[in-house]
Amino acid sequence: MLSARNVAKTYGSVQALKGVNFDVHRGQVTTLFGENGAGKSTLMKILSGVIRPTSGDILLEGHPVSFHSANDARDLGISIIHQELSLAPNMSVRDNIFMGREITTAAGVDYAEEERQTRALMEELEEDIDPLTPVEDLRLGQQQVVEIARALSVNARILIMDEPTSALSASEVEVLFKVIRDLKARGVSIVYISHHLEEALQITDHAVVLRDGTMTARAPRSEIDLEWIVRNMVGENFDLGSPPEGHAIGQVALEIDGLSVPDASATGRSAVDSLSLKLRAGEIVCLYGLMGAGRTEMLECIAGRLPKSGGRVLLEGRELGRASIAERIARGLVLVPEDRQRDGLVQTMSVGENLSLASIGAFTRGLFTSRKREKVLVDASIRDVTIKTDGGQAAIGSLSGGNQQKVVIGKMLATNPRVVMLDEPSRGIDIGAKAEVFRLLAEGAQRGLAVIYSTSEVGECLSIAHRIIVMRRGKISAEFGPDATKEQIMAASGEAVVA
Numbered sequence: 001m002l003s004a005r006n007v008a009k010t011y012g013s014v015q016a017l018k019g020v021n022f023d024v025h026r027g028q029v030t031t032l033f034g035e036n037g038a039g040k041s042t043l044m045k046i047l048s049g050v051i052r053p054t055s056g057d058i059l060l061e062g063h064p065v066s067f068h069s070a071n072d073a074r075d076l077g078i079s080i081i082h083q084e085l086s087l088a089p090n091m092s093v094r095d096n097i098f099m100g101r102e103i104t105t106a107a108g109v110d111y112a113e114e115e116r117q118t119r120a121l122m123e124e125l126e127e128d129i130d131p132l133t134p135v136e137d138l139r140l141g142q143q144q145v146v147e148i149a150r151a152l153s154v155n156a157r158i159l160i161m162d163e164p165t166s167a168l169s170a171s172e173v174e175v176l177f178k179v180i181r182d183l184k185a186r187g188v189s190i191v192y193i194s195h196h197l198e199e200a201l202q203i204t205d206h207a208v209v210l211r212d213g214t215m216t217a218r219a220p221r222s223e224i225d226l227e228w229i230v231r232n233m234v235g236e237n238f239d240l241g242s243p244p245e246g247h248a249i250g251q252v253a254l255e256i257d258g259l260s261v262p263d264a265s266a267t268g269r270s271a272v273d274s275l276s277l278k279l280r281a282g283e284i285v286c287l288y289g290l291m292g293a294g295r296t297e298m299l300e301c302i303a304g305r306l307p308k309s310g311g312r313v314l315l316e317g318r319e320l321g322r323a324s325i326a327e328r329i330a331r332g333l334v335l336v337p338e339d340r341q342r343d344g345l346v347q348t349m350s351v352g353e354n355l356s357l358a359s360i361g362a363f364t365r366g367l368f369t370s371r372k373r374e375k376v377l378v379d380a381s382i383r384d385v386t387i388k389t390d391g392g393q394a395a396i397g398s399l400s401g402g403n404q405q406k407v408v409i410g411k412m413l414a415t416n417p418r419v420v421m422l423d424e425p426s427r428g429i430d431i432g433a434k435a436e437v438f439r440l441l442a443e444g445a446q447r448g449l450a451v452i453y454s455t456s457e458v459g460e461c462l463s464i465a466h467r468i469i470v471m472r473r474g475k476i477s478a479e480f481g482p483d484a485t486k487e488q489i490m491a492a493s494g495e496a497v498v499a
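If you read the sequence shown in full-length UniProt numbering, its first letter stands for residue 1, the second for the next number, and so on.
Here it is in structure tokens:
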């Protein structure tokens, strides 16, 4: 139905795509696998009219087409859900869904009809989201649902989904898969990109693997398994490993004593309710729970981003009290936030400027900045965190989503912290990049770094954690060692376990 023939794309000296051939089948799901920087998002942007190829052809129903914008592709029935959310935060859910294609009558915009259609979309996605709610008031997973709803509202013939589940809960993923099956039954063709490999295998009909801008493998679902995908993605079988060992666990580095955090979405309720936790130097603690369990609110309160309604936070025995975010960073407490685009990166700055932003005091004296010392820090971060980039001067927007996430992690590790907290750091990161992050954290733990790793992926907990803390409705519901089973962890979170 939709095909790319010998498509190439270059950015300066970087060749993002190298003569790729790709086919989308009518009424089926074609899943595109590959590491960060493999060219997946670039190919999807070409197919959806966001960018133009340097060379090659795009065919629709066998006929050559040329897109000058995403609107051209949309007019021909091609819609895309981008990996990085493209919503206007100060606008309502309704206005985001119909932005640029408002429903009009002779009297002007028909807001009532737009609201009715928005409610119908939310009902289809089984989400209780008010159409008039400003997007900035929604949690990240709900914002992703709005992005999906906007794409569905176009009634596209071809729907491209670039990491659509990266911020969704397990139940929201199941609803999305039901919607995908319904779309397939109506003849809609779907291109699906995901780093959640096991999840993607549930719905794919055809698999295509990109590596370094080249298509390395393709096969129908009946001929592939998880090992096939990983082998073709990274050139070898891959194991995320096990928790680091062979080093001593030290003294308490971070203590949470009776912490309560108010729920911003419900007056009088607590997102975190009288929670206590101790984290020791050299220890990696995984914080597991479903979306809405209170993990993000707890970490953001500890980092100074949200107010607490009760309790204490102590760093190496000293209460943080009203210390600002900058003061907490200076004292060795850092957070890698969940939403890298909004909270972790400055889009107008270069890769190097983003990497050095949190450490600027290390090479600045008064009004003078030592560019030489800054470059040493930036080059070391790019090397240590294995960021795929032309260099520190490159625009942050030129990086893939996974490499942008590595910049956020590298920026925080460059401050030489004592305690690092990471909130869903693997969102949008491929298996190879995830292993690199695990390696960095394991090496940090062996040097005495204390780590809290918040995730909604059980497998990550079992691969990296010395201890696994499960949260449910703002409280700790269970604690496990690294020998726990997936079923035990999921059951403690309140998640249904499928036999």
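Glycine included, C-beta positions come from ideal geometry on N, C-alpha and C. The structure presented is a predicted model; accordingly, all values stated were derived computationally and were not measured.
Counted within 10 angstroms of its Cβ, other Cβ atoms place residue i as buried (16 or more) or exposed
i, result
"residue 368", "exposed"
"residue 479", "exposed"
"residue 178", "exposed"
"residue 53", "buried"
"residue 397", "exposed"
"residue 90", "exposed"
"residue 530", "No statement about residue 530 is possible, as the shown extent of the chain runs from 1 to 499 and does not include it."
"residue 45", "buried"
"residue 149", "buried"
"residue 109", "exposed"
"residue 340", "buried"
"residue 346", "exposed"
"residue 348", "exposed"
"residue 71", "exposed"
"residue 248", "exposed"
"residue 63", "exposed"
"residue 164", "buried"
"residue 334", "buried"
Beta-carbon gap between residue i and residue j smaller than 8 Å
i, j, result
"residue 244", "residue 482", "no"
"residue 281", "residue 421", "no"
"residue 115", "residue 103", "no"
"residue 77", "residue 203", "no"
"residue 472", "residue 454", "no"
"residue 233", "residue 209", "yes"
"residue 67", "residue 43", "no"
"residue 503", "residue 270", "Residue numbering for the chain in the displayed model covers 1 to 499; residue 503 lies beyond these limits and cannot be assessed."
"residue 229", "residue 29", "no"
"residue 275", "residue 468", "no"
Whole-angstrom distance between residue j and residue i, CA atom to CA atom
i, j, result
"residue 260", "residue 292", "15 Å"
"residue 402", "residue 36", "5 Å"
"residue 120", "residue 74", "21 Å"
"residue 325", "residue 430", "30 Å"
"residue 387", "residue 400", "10 Å"
"residue 297", "residue 306", "7 Å"
"residue 378", "residue 41", "26 Å"
"residue 169", "residue 457", "10 Å"
"residue 4", "residue 351", "31 Å"
"residue 370", "residue 410", "20 Å"
"residue 50", "residue 69", "6 Å"
"residue 16", "residue 173", "30 Å"
"residue 257", "residue 438", "28 Å"
"residue 299", "residue 213", "37 Å"
"residue 39", "residue 432", "15 Å"
"residue 412", "residue 365", "21 Å"
"residue 278", "residue 255", "5 Å"
"residue 323", "residue 311", "15 Å"
"residue 487", "residue 308", "33 Å"
"residue 490", "residue 138", "25 Å"
Residue i: CB within 7 Å of a non-hydrogen atom of the ligand SAH
i, result
"residue 273", "No copy of the ligand SAH occurs in the structure displayed, which carries no ligand at all."
Residues that residue i bridges to, as DSSP identifies them
i, result
"residue 437", "Note: residue 437 sits in no beta bridge, so no partner."
"residue 206", "30, 220"
"residue 318", "315"
"residue 275", "259"
"residue 421", "335, 452"
"residue 120", "DSSP lists no partner for residue 120."
"residue 215", "210"
Any chain B beta carbon closer than 8 Å to residue i
i, result
"residue 355", "Annotation note: the requested chain B is absent from the structure, which comprises a single protein chain."
Selection from the options that minimises the alpha carbon distance to residue i
i, options, result
"residue 125", "154, 175, 15, 142", "175"
"residue 463", "473, 475, 447, 484", "484"
"residue 27", "205, 145, 15", "205"
"residue 127", "228, 106, 93", "93"
"residue 65", "263, 79, 48", "48"
"residue 218", "438, 475, 433, 34", "34"
"residue 443", "343, 424, 469, 416", "416"
"residue 82", "9, 194, 19", "194"
"residue 338", "2, 60, 85", "85"
"residue 223", "152, 123, 207, 424", "207"
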